[in-house]
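In the working numbering, the protein residues as written are 180 to 486.
Note that the Cβ used here is the ideal one computed from N, Cα and C, for glycine as well.
Following: one structure in structure tokens, then a few remarks.
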């Protein structure tokens, strides 16, 4: 007897699967896109200009400060090479186009209209160091490229459930760890490790449900997961707007990932994987629980032990 026939006996889309969709698939599919797409907000590049201590502590408006500091041809990475102490004392704010120009030598001021701080403003990844923001995203995708087949193989070897929980744990640790990193090198490493898991965790949440329903129901499950994922994408900008700081956004995403660990008592191991591994007793226990919840007779799964 093929597994689909066994699944039909215990209920291929009964109360058990519906509860798991509501309790597990939908909530997890809503928060899982946060783990990958939050990088858009974490690495956002705010408007910036050279930091001039003599001006930043003045009562001048931001626009006036930017005009006094930044030449029109390079407002982000250059500043006028003048005596700002004298300018502030004289209160003569007339700009002379012939003023000499130099590169920013005291760091940068960042616009805080949308964000209080991002990884870019934290590590000053602008101007001559602006390539580092692209490097962070590139290394994350390197992690995805390595992690997808790696954890895919792991899920075939040790099971869907432990692999899912492991990826949730790694994401939670690396997400908040990278934000609290004391140096940029550790930040790069943790973002790369984070990338190892972000594709696999979505795939496994989906697969866990797919392997519990019959083939004719899988399209419906796919639609539910995709809709929940899209909803999560729509909610993420609101979360970023409310938090305004990459630390608080990371706390939100890492907390969401940590909450997925609470499902260790809710989600079952895939019975089809257990059968493939010849763990018939474990498979029978899972199927017996499904059949009981679905109102089927438990003894209908006993023929599995004869395989």
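The C-beta of residue 465 has 16 or more other C-beta atoms within 10 Å across all chains shown, which makes the residue buried. Boundaries of the beta strand (DSSP E) around residue 227: 227–229.
In this structure, 211 is the residue among 211, 404, 333 with its C-alpha nearest to the C-alpha of residue 380. Residue 463 is classed as buried because its beta carbon has at least 16 other beta carbons within 10 Å across all chains shown. Distance from residue 353 to residue 319 at the Cβ level is roughly 10 Å; contact not present, criterion being Cβ atoms closer than 8 Å. Note that the segment 244–262 touches the segment 282–301; at least 3 beta-carbon pairs, one per stretch, sit closer than 8 Å. Shown here, residue 294 sits in coil according to DSSP, grouped into three states, outside any helix or strand. The Cβ neighbour count for residue 198, taken over all protein chains shown within 10 Å, is under 16; the residue is labelled exposed. DSSP places residue 288 in no alpha helix (DSSP H) but in the uninterrupted beta strand (DSSP E) bounded by 287–289.
Closest in C-alpha terms to residue 368, from the list 345, 411, 453, 316, comes 316. Shown here, residue 305 sits in coil according to DSSP, grouped into three states, outside any helix or strand. Distance check between residue 230 and each of 248, 213, 273 places 248 closest, using alpha-carbon atoms only. Assignment of residue 257 by DSSP, reduced to helix, strand and coil, places it in the strand class. Note on geometry: alpha-carbon atoms of residue 313 and residue 217 lie some 15 Å from one another.
If you check the CB distance, residue 214 and residue 432 come in under 9 Å. Going by beta carbons, residue 377 and residue 340 fall outside the 9 Å limit.
Beta-bridge partners of residue 282 (DSSP): 257.
Residue pairing by DSSP puts residue 424 in a beta bridge opposite 296. Straight across, the Cα-Cα distance linking residue 459 with residue 185 is about 13 Å.
A straight-line Cα-Cα distance of about 13 Å links residue 190 and residue 394. When DSSP states are grouped into helix, strand and coil, residue 376 belongs to the coil group.
The beta carbon of residue 327 lies closer than 7 Å to those of 378, 379 in the same chain, with the five residues before and after it left out.
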